[in-house]
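Here's the structure we're looking at; comments come further down.
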Amino acid sequence: MIPPLFFVLFSVWGHVDNKALALGLGSAVFCVGWFLRIWAQVHLHYRLRVKKILTTTGPYQFTRNPIYIGNAIILLGLCLVSGLVWFLPIMFVYSVLIYSFVIRYEEAHLENKYGAPYEAYLAAVPRWIPRLSQQQRQHAPDVLQYLWPSVKAEMYNLLYLLPFLAKQLFF
């Protein structure tokens, strides 16, 4: 994801004129992606010192890849914050292509690790576009105990905003 981010950060061509709108809308979109990552983290426990299990609760009951969807939304938010609205479709296609390769690798790994339960999960839950209907909402016990550790684990994402905010505010 680094090459397009550097382009967006250092590009001086094609910015929108309304910096306040770009900053406000971009920050809001960024936060949606960040909150999705936190919600996913509360259930997945990635980067937490907790035994890993096949996660099928929280956002994982609607889509198999909420972390990557959150990442893509964060990247789109950064495009908006930088004022490069025209770059949104390019960033979207780039994200889908890169994450599609990563996801195929991970799916093979998870199928080997979890077997039949993961195969059933693959059949029931879509890879990308969340299925919000026809789902019985599952609730994972004790997820709130992971909220603050998950927020802390995802705080580094806020650092991505800093150079883009500086670009909008000072250049």
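Using my numbering, the letters of the sequence shown map in sequence onto residues 719 to 889.
Glycine residues also receive a C-beta, built at the ideal position from the N, C-alpha and C atoms.
Residue i burial status per 10 Å Cβ neighbour count (16 or more: buried)
i, result
"residue 873", "exposed"
"residue 722", "buried"
"residue 762", "buried"
"residue 891", "The structure shown does not extend to residue 891, since the chain spans only 719 to 889, so no value can be given for it."
"residue 744", "buried"
Residues of its chain near residue i, where Cβ-Cβ distance is below 8 Å and the 5 sequence neighbours each way are ignored
i, result
"residue 755", "784, 785, 788, 789, 792, 872, 875"
"residue 766", "759, 864, 867, 868, 871"
"residue 881", "727"
"residue 847", "781"
"residue 746", "795"
Beta-carbon gap between residue i and residue j smaller than 9 Å
i, j, result
"residue 725", "residue 805", "yes"
"residue 868", "residue 750", "no"
"residue 823", "residue 782", "no"
"residue 843", "residue 774", "yes"
"residue 821", "residue 845", "yes"
Cut-off 7 Å between Cβ atoms - residues of its own chain near residue i, not counting five sequence neighbours on either side
i, result
"residue 741", "799, 886"
"residue 865", "760"
"residue 809", "722, 793, 794, 797"
"residue 732", "802, 804"
"residue 862", "none"
"residue 883", "799"
Which listed residue (the options) has its alpha carbon closest to that of residue i
i, options, result
"residue 757", "777, 771, 882, 768", "777"
"residue 860", "881, 768, 834", "768"
"residue 832", "771, 752, 816, 737", "771"
"residue 752", "879, 848, 889", "879"
Nearest-angstrom beta carbon gap, residue j and residue i [assumed within contact, 8 Å]
i, j, result
"residue 748", "residue 796", "6 Å"
"residue 803", "residue 734", "6 Å"
"residue 829", "residue 837", "6 Å"
6 Å Cβ shell around residue i - same chain, five flanking residues per side excluded
i, result
"residue 737", "886"
"residue 811", "none"
"residue 835", "772"
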